[in-house]
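According to the numbering used here, the sequence shown is numbered sequentially starting from 8. Don't be surprised by glycine CBs; every beta carbon is placed ideally from N, CA and C. Take a look at the structure below.
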Amino acid sequence: MDQGLVTNPKDLERMQHELESLERRISSLEDDELEVMEKLEEAQRELDQLQQLVAETDDRLTTLHAARDEKLADIDAKLQQVQADRGPAAEGLPADLVTLYDRLRDQKGGVGAAALRRRECGGCRLTLDSVELTRIKGLPEDEVVRCEECQRILVRTPESGL
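Below, the structure is given as structure tokens:
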């Protein structure tokens, strides 16, 4: 155009309009490209933050798993010790009492017997009424007493309130 090769004024005007249109389109595309680049940078920053958060969470999870495993090992060791201690302690007890205790322990979430303290069952935490306490008080000391509410074996203590 600037070299004078196009002689028809209408063609020249059309070309100038097309050139202006293309320049506007290029400018618009460059603006769009800048917006996309800004969004990409923002997304990349967010991705970096999330990746760091995931790494921190993974580290925390690893620490928690190690602590859990350590506590489980402690619990297993204590359980083995309790089971070893239970054998000699249960030797002199009648077989039917041990069977009852084991059955109740399975049914009641690991607690088959509960202490009777201050007129309260240590298993269900309910207070026994005076009629029930009088009945228990009249029973022989070797009689198995059970809570009316939770059915656990009640172990009479000096603090029972009898």
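- Contact between the segment 126-141 and the segment 153-164 is established, with three or more Cβ pairs separated by less than 8 angstroms.
- When the Cα atoms are used, residue 84 and residue 101 turn out to be separated by approximately 28 angstroms.
- Cβ contact annotation for residue 120 (same chain, cutoff 7 angstroms, sequence separation greater than five): 108, 159, 160 and 162, in chain order.
- C-alpha of residue 142 to C-alpha of residue 167: approximately 13 angstroms in a straight line.
- For residue 138, the enclosing alpha helix (DSSP H) starts and ends at 137-145.
- The beta-carbon distance between residue 97 and residue 105, rounded to whole angstroms, is 6 angstroms. This is short enough to meet the 8 angstroms contact definition.
- Burial check for residue 41: the Cβ neighbour count within 10 Å stays below 16, so the residue is exposed.
- Using a 10 angstroms sphere on the CB of residue 135, the tally of other CB atoms reaches 16 or more, which defines it as buried.
- In the three-state reduction of the DSSP assignment, residue 98 falls in the coil class, being assigned neither a helical nor a strand state.
- Ranked by how close their Cα comes to the Cα of residue 137, the residues 147, 125 and 17 have 125 in first place.
- For residue 162, the uninterrupted beta strand (DSSP E) segment begins and ends at 160-163.
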